[in-house]
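Undergrad: Here you go, one structure.
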Ligand SMILES: *[C@@H]1O[C@H](CO)[C@@H](O)[C@H](O)[C@H]1NC(C)=O
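Following this line, the structure appears as structure tokens:
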């Protein structure tokens, strides 16, 4: 199929709108401060129908219904829910949450977005983790993922003393937290599984580096937060993971339906079948060196072909030629973005 340059340029804004996502390389740290996460405040992002800002919990770790409740770290009632702990899906994939700062973005672009991290250093090198952004931090640098791990250090703010009776500067060091798995034994039951995850699946890794790409959120992550971005389905489905969030079929906002108070029942309960993990070709790295090459069709993100709904009358059918277009560098950032689209049957609308 042939498409003229003119036709492609005419279509470009549509593709940029539905399918521009952040990717690049970055760093990780860890924290657990028990405070209301910033993405829990209403109005930060455009939400999908039926979704809500990140769920918070009261001092007893029970879901709060008032999204305007102020943080327990500033005298209010809202705390971070224990189910924002990480868990293992299988040996090579984990799910969790993070405070993030993505170069070139803001909370409007990253709150409740999901990122597939591939660890690139330390004992977990090569493993993947998908995190949903629930928070940010004034102390975060660009492309930093501050993983939410119980016992990871309270950082600037500390709600853990008030909520759980933790030591006055949190468990372990204020930054970095505990330094030995045995400390997890003294944690509240609701936080033990997440604390132990650091020494199990995460192999005690100490701030490993990552490559990352934005993906559509797995439903298992949004089930805990209730938060789904209106544009979430415009991001590619993660290559490594099971069902993505669907806000038409399943009512994600029904927080009470998921067993919130027991992340300790954790991985097995939430993700019963390692068989849902189907190894697939690695997605093409969207780094500068790869930006000029078109990805093979086998690595084409599934969500691209299934999200024509916002096209305003231009219906792009799946499966034909693949076009990769670097985003104009006016977006400045170090996080190079790449747009991948699949086009077919355009000739019906665009005779060439
Ligand atoms: C939260 O506060 C905002 C701004 O004051 C308000 O518009 C909204 O109705 C409040 N939401 C609830 C559930 O009280």
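In mature numbering (1 follows the signal peptide of the UniProt record, and there is no 0), the protein residues as written are -20 to -1, 1 to 332.
Think of the CB as a built atom: it goes at the ideal place given N, C-alpha and C, for glycine as much as any other residue.
If you're wondering where the values come from, they're calculated on a predicted model, not measured in any experiment.
(1) Is residue 26 near ligand 1, in the sense that its beta carbon is under 6 Å from a heavy atom of that ligand?
(2) Spell out whether any CB of chain E is found under 7 Å from the CB atom of residue 139.
(3) I want to check one thing, is the minimum distance from the CB of residue 48 to the heavy atoms of ligand 1 below 6 Å?
(4) Checking 7 Å against the spacing of the C-beta atoms, do residue 80 and residue 67 come in under that value?
(5) In terms of alpha-carbon separation, which member of 223, 215, 186 and 209 lies closest to residue 33?
(6) Since residue 65 and residue 177 are thought to touch, with beta carbons under 8 Å apart, how far apart are those beta carbons, to the nearest angstrom?
(7) The beta strand (DSSP E) with residue 73 in it runs from where to where?
(8) Helix, strand or coil for residue 181 per DSSP?
(9) So, residue 225 versus residue 202, is the Cβ gap smaller than 7 Å?
(10) Kindly list the residues whose CB is nearer than 8 Å to the CB of residue 136, restricted to its own chain and excluding five residues on each side of it in sequence; keep chain order.
(11) Beta-carbon separation of residue 16 and residue 51 under 7 Å?
(12) Under a Cβ-count criterion, where at least 16 other Cβ atoms within 10 Å of its own Cβ denotes burial, should residue 63 be classed as buried or exposed?
(13) Is the stretch 129 to 144 in contact with the stretch 152 to 164, if contact means three or more CB pairs nearer than 8 Å?
(14) Using a Cβ-Cβ cut-off of 6 Å (strictly less than) and excluding sequence neighbours within five positions of residue 53, which residues of its own chain qualify?
(15) Is the distance from the Cβ of residue 163 to the Cβ of residue 195 below 7 Å?
(16) Helix or strand or just coil, what does DSSP make of residue 100?
(17) Residue 67 lies in the beta strand (DSSP E); which residues open and close that run?
(18) CA-CA distance, residue 124 and residue 103?
(19) Span of the alpha helix (DSSP H) holding residue 127?
(20) From residue 290 to residue 211, what does the alpha carbon distance come to, in whole angstroms?
(21) Use the C-beta contact count for residue 147: other C-beta atoms within 10 angstroms, 16 or more gives buried, fewer gives exposed.
(22) Would you kindly work out how many angstroms separate the C-alpha atoms of residue 6 and residue 187, rounded to a whole number?
(23) What does the alpha-carbon distance come out to for the pair residue 70 and residue 109?
(24) Can you say whether residue 41 is buried or exposed, counting buried as having 16 or more other CB atoms within 10 angstroms of its CB?
(25) Alpha carbon to alpha carbon, what distance is there between residue 113 and residue 95?
(26) Put residue 201 into one of helix, strand or coil per three-state DSSP.
(27) What is the rounded straight-line gap between the Cα of residue 274 and the Cα of residue 105?
(28) Mark residue 198 as exposed unless 16 or more other C-beta atoms lie within 10 angstroms of its C-beta, in which case mark it buried.
(29) In this structure, how does DSSP classify residue 115 when only helix, strand and coil are distinguished?
(30) Pick helix, strand or coil for residue 166, following the three-state DSSP scheme.
TA: Checking against the coordinates, here is how it stands:
(1) no
(2) As a matter of chain content, chain E is missing from the structure shown, which is built from one protein chain.
(3) yes
(4) no
(5) 209
(6) Yes, residue 65 and residue 177 are in contact; Cβ-Cβ is about 7 Å, under 8 Å.
(7) Residue 73: member of the beta strand (DSSP E) spanning 73 to 81, first to last residue.
(8) Coil.
(9) yes
(10) The beta carbon of residue 136 is closer than 8 Å to those of 13, 117, 118 and 119 in its chain, skipping five residues each way along the sequence.
(11) yes
(12) Counting Cβ neighbours within 10 Å, residue 63 comes out buried, since at least 16 surround it.
(13) yes
(14) Excluding residues within five positions, the ones whose Cβ falls inside 6 Å are 15, 137 and 139.
(15) no
(16) coil
(17) 67 to 70
(18) 19 Å
(19) Unbroken run through residue 127 is the beta strand (DSSP E), 124 to 128; no alpha helix (DSSP H).
(20) Only weak support is given to the placement of residue 290: the predicted model assigns it a pLDDT of 34, under 50, and the question is left unresolved by the model.
(21) With fewer than 16 neighbouring CB atoms inside 10 Å of its own CB, residue 147 falls in the exposed class.
(22) 11 Å
(23) 10 Å
(24) It counts as buried.
(25) Cα to Cα, residue 95 sits roughly 8 Å from residue 113.
(26) helix
(27) Because the pLDDT of residue 274 is 32, which lies under 50, any placement of that residue in the model is unreliable, and the number read from its coordinates should be weighed accordingly. Computed Cα separation, rounded: 26 Å.
(28) buried
(29) Per DSSP, reduced to three states, the secondary structure at residue 115 is strand.
(30) helix
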